[in-house]
Amino acid sequence: MKAMILDEYGNDAEFRLRELPRPEAKAGHVLVRVAASSVNTVDTMIRQMGKALPLSPDLPAVLGMDFAGTVEAVGEGVTGFAPGDEVYGCAGGLADLQGALAQFMLADARLIAHKPRTISMREAAALPLVGITAFEGLQRAGAKAGQKVLVHGGTGGVGHVAVQLARHLGADVHATCGGRQQAEIIHGYGATAIDYRTEKVADYVARHTAGAGFDVVFDTSAGPISAIHSKRPH
């Protein structure tokens, strides 16, 4: 099979196309023919930082955590999937796990799911890590229907998923953004856009929460601690 191989780590490290043996299905795993993969923040950190990150694979390495594809074969003990199933997940590119930048990959059956019919392979491959991050964050924050939720970075990878999930939960969702184009995207998700470049924290907290603060603040921007000042006190 063809795969993109990394022979060194660093900012200038290049991926090279090579032939590798095709993996075989093993117990608890499925063999997936990869249709699409995406690059997330962890992938770029591994390439740049290498062994400074504990879970970086040994070189030469095939990176890529997120993917979507079709099951080619299932290993012993796998009951939830069958050849021909369209799946997606976050199941490779760390430690001794071959990543998704290849024609085929082995995936732990516990780390994949059936791909929804309503989205494409490309869309599915872009979702796993950001989707998990957004879902876990909202769940840990206890986000629920009727709450006022603020997402910082509402059009980013994690942020745009968090906005949609919070809306699905029934929350009144607001999201910060920079400019009209991003605001239109947020409005398209059914949320209220806040331009952080033109509105001060105190002003938008007063305008949207009557000064009480938001029930949940999901900060994906890793910026200044202004998020703390927009949160409702407990």
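Residues 61 to 294 (the working numbering) are what the sequence shown spells out, left to right. Backbone N, C-alpha and C fix where the C-beta goes; we use that ideal spot for every residue, glycine too. Note that the structure is a prediction, hence the values are computed from the model and not measured.
Apart from sequence neighbours up to five positions away, the residues of its chain that approach Leu-225 with a beta-carbon distance below 7 Å are Ala-194, Phe-195, Leu-198, ordered along the chain.
If you look at Tyr-264, you'll find it isn't in any beta strand (DSSP E); it sits in the alpha helix (DSSP H) that goes 261-269. If only uninterrupted beta strand (DSSP E) runs of at least 3 residues are considered, those enclosed by the stretch 155-184 are 164-168, 172-174. Bridge partners of Phe-75 according to DSSP: Leu-66. As DSSP reads the structure, Gly-129 sits in a beta bridge with Val-94, Val-147. DSSP places Phe-195 within a helical segment (H, G or I) once states are collapsed to three. A residue is called buried once 16 or more other Cβ atoms fall within 10 Å of its Cβ, and Gly-140, having fewer, is exposed. Contact annotation: the stretch 106-119 does not touch the stretch 160-175, with fewer than three C-beta pairs closer than 8 Å. The beta carbons of Asp-67 and Pro-120 sit about 5 Å from each other, so the pair counts as a contact at 8 Å. Going by DSSP, Thr-104 is part of the alpha helix (DSSP H) stretching over 101-109.
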